[in-house]
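Numbering (the working numbering), first residue to last: 1268 to 1586.
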Ligand SMILES: [Zn+2]
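Written out as structure tokens, the structure is:
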């Protein structure tokens, strides 16, 4: 039937007197966060920051004065008992190779995490196309994503690179035996995560200063774990330091770098590494990327009147 002026008027009138229909939202909520994916260029590299979710880290796990910690959290508008803490990893596309640095938690640390695989898919990357996985250390928020939630190898065509110091520590039965009871499961998690890669002959051990690919270099920063390693990206005059776990709580540890976290294997060494890296990043005006800085966790370190301040980078609309 053709629409005439008359039939249109009748339709409108009919609508006016029609019985009420069930309500349909005019603006339905999305009900979910947008993908945790952020891209930037570092010289000739394209770097994609991938978020794995948020891990609540209790304030009491940090050393130092509790009243001062409460004040720092309050001035940062953070809850006082636990800070929701990002877990980030990085995919570096060299134009030739896809290199993933850290892998998230898979399903090892609960439902607020484990989103890296979904975010990698949102970034348009098939895990089978990843050529290399570098681990900054063997804690489960960095290594557990080597295995999928259904216990399969997550990156079947990648060579895994683990610090030789880190590998020796976590695979030592003596170290596992003498660890406090609540740390023993971390030894199992570390070994289980890397096992399929080791079994397939696809794991290599690296030393400090190893160059994984041109411009992608291991920088040891021990203390948090014995083999904790940062990865420095250099391309032309551009640099980005993937500093991993130099900071676990920006509100507490930039102003007061002496605050250690109970997960540190050697707290004094972790503090010394943090101070050295803060000083270097501030002096060299180096852009840094943190595993546990608020997503996307990219910024600079500024010297403050006491301690340091974190200056996040602004959203870049274009690459
Ligand atoms: Zn971590």
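From the three backbone atoms N, C-alpha and C, an ideal C-beta is built for every residue, glycine too.
Being a predicted model, the structure only gives us computed values, none of them experimental.
Supposed close pair residue i, residue j - CB separation, criterion 8 Å
i            : j            : result
residue 1488 : residue 1496 : 7 Å
residue 1387 : residue 1317 : 6 Å
residue 1506 : residue 1554 : 7 Å
residue 1549 : residue 1575 : 6 Å
residue 1340 : residue 1571 : About 17 Å; that fails the 8 Å criterion.
residue 1514 : residue 1468 : Not confirmed; about 36 Å, so no contact.
residue 1381 : residue 1319 : 7 Å
residue 1545 : residue 1578 : Between residue 1578 and residue 1545 the Cβ distance is about 12 Å, and since that is not below 8 Å, they are no contact.
CB of residue i within 9 Å of CB of residue j, strictly
i            : j            : result
residue 1307 : residue 1583 : yes
residue 1353 : residue 1562 : yes
residue 1458 : residue 1438 : yes
residue 1391 : residue 1313 : no
residue 1516 : residue 1296 : no
residue 1629 : residue 1373 : Residue numbering for the chain in the displayed model covers 1268 to 1586; residue 1629 lies beyond these limits and cannot be assessed.
residue 1371 : residue 1409 : yes
residue 1322 : residue 1379 : yes
residue 1447 : residue 1423 : no
residue 1309 : residue 1430 : no
residue 1333 : residue 1326 : yes
Option in the options with minimal Cα separation from residue i
i            : options                   : result
residue 1411 : 1435, 1461 and 1442       : 1461
residue 1498 : 1367, 1340, 1347 and 1327 : 1367
residue 1358 : 1542, 1348, 1396 and 1325 : 1396
residue 1543 : 1490, 1345 and 1586       : 1490
residue 1432 : 1290, 1513, 1473 and 1381 : 1473
residue 1536 : 1573, 1557, 1552 and 1494 : 1494
residue 1547 : 1557, 1508, 1467 and 1560 : 1508
residue 1559 : 1327, 1471 and 1369       : 1369
residue 1484 : 1580, 1401, 1512 and 1564 : 1401
residue 1464 : 1293, 1413, 1579 and 1311 : 1413
residue 1399 : 1365, 1376 and 1375       : 1365
residue 1511 : 1533, 1486 and 1534       : 1486
residue 1311 : 1292, 1360 and 1300       : 1360
residue 1389 : 1303, 1578, 1568 and 1577 : 1303
residue 1581 : 1564, 1573 and 1569       : 1564
residue 1331 : 1534, 1579, 1375 and 1351 : 1534
residue 1492 : 1292, 1435, 1324 and 1346 : 1435
residue 1324 : 1471, 1315, 1349 and 1545 : 1349
residue 1586 : 1338, 1481 and 1315       : 1315
residue 1532 : 1294, 1443 and 1351       : 1443
residue 1482 : 1504, 1552, 1294 and 1551 : 1504
Cβ contact check for the stretch 1518-1530 and the stretch 1414-1429: 3 or more pairs under 8 Å: no
Unbroken stretches of the alpha helix (DSSP H), 4 residues or longer, contained in the stretch 1498-1536: List check, alpha helix (DSSP H) in window: 1517-1520.
Three or more C-beta pairs below 8 Å linking the stretch 1442-1457 and the stretch 1393-1413: yes
Contained alpha helix (DSSP H) runs [length at least 4] in the stretch 1416-1497, N- to C-terminal order: 1431-1437, 1440-1445 and 1451-1466
Completely contained beta strand (DSSP E) runs for the stretch 1351-1414, where each covers 3 or more residues: Fully enclosed beta strand (DSSP E) runs of 3 or longer: 1365-1368 and 1399-1401.
Complete runs of the beta strand (DSSP E) confined to the stretch 1284-1338 [at least 3 residues]: 1304-1309 and 1312-1325
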